[in-house]
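Here the structure is laid out as structure tokens; the discussion comes afterwards.
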């Protein structure tokens with residue numbers, strides 16, 4: 431259990447990203463789930479609402495990844511670019527979607543990552 435003492439917030443951020451996105455792929459391709467945006471508080475079986483929310487989900491993911499790539503292009507390290515771009519993504523979730531646990535956990539994790547980056551490394 432000594433390895434747990436060496437885990438950084440950034441490690442948790444990367445592990446969380448991988449788990450969330452692998453689970454999403456499982457839900458879409460294996461379970462054939464239809465309402466994959468339920469964590470964004472979309473009404474079940476409301477196709478127009480699901481399509482509208484999917485546009486905003488895509489927007490938040492795209493701005494996160496575009497910012498991530500641009501920051502690296504201008505010389506930031508992977509870790510720094512990921513942390514800043516993830517923080518922007520977490521803020522977008524708060525502004526664009528109803529309050530829920532998923533969005534709040536993203537904000538908490540992104541703030542912890544930013545704190546670690548700025549004050550502990």
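Numbering (our numbering), first residue to last: 431 to 551. Positions of the beta carbon are idealized from the N, C-alpha and C atoms, including for glycine.
Distance, Cα to Cα, residue 443 vs residue 540?
Each residue's Cα considered, the two are about 8 angstroms apart.
Kindly list the residues whose CB is nearer than 8 angstroms to the CB of residue 454, restricted to its own chain and excluding five residues on each side of it in sequence; keep chain order.
Excluding positions up to five away in sequence, the list reads 466.
Report yes or no: do three or more beta-carbon pairs, one from the stretch 541-549 and one from the stretch 501-513, lie closer than 8 angstroms?
The stretch 541-549 vs the stretch 501-513: in contact.
I need the DSSP call for residue 446, collapsed to helix, strand or coil.
Assignment of residue 446 by DSSP, reduced to helix, strand and coil, places it in the helix class.
Less than 8 angstroms between the beta carbons of residue 527 and residue 447, yes or no?
It is not a contact, given that the beta carbons lie outside the stated cut-off.
Span of the alpha helix (DSSP H) holding residue 491?
Taken as a continuous stretch (DSSP letters only), the alpha helix (DSSP H) holding residue 491 covers 477-503.
Which same chain residues, not among the five before or five after residue 501, have their C-beta less than 8 angstroms away from its C-beta?
Cβ neighbours of residue 501 beyond the five flanking positions: 510, 511, 514, 515.
Can you name, in chain order, every residue of its own chain whose Cβ lies under 7 angstroms from the Cβ of residue 438, other than the five neighbours on each side?
So the list reads 546, once near-sequence residues are dropped.
Nearest CA to the CA of residue 522: which residue from 534, 551, 496, 490?
Ranked by Cα distance from residue 522, the first of 534, 551, 496, 490 is 490.
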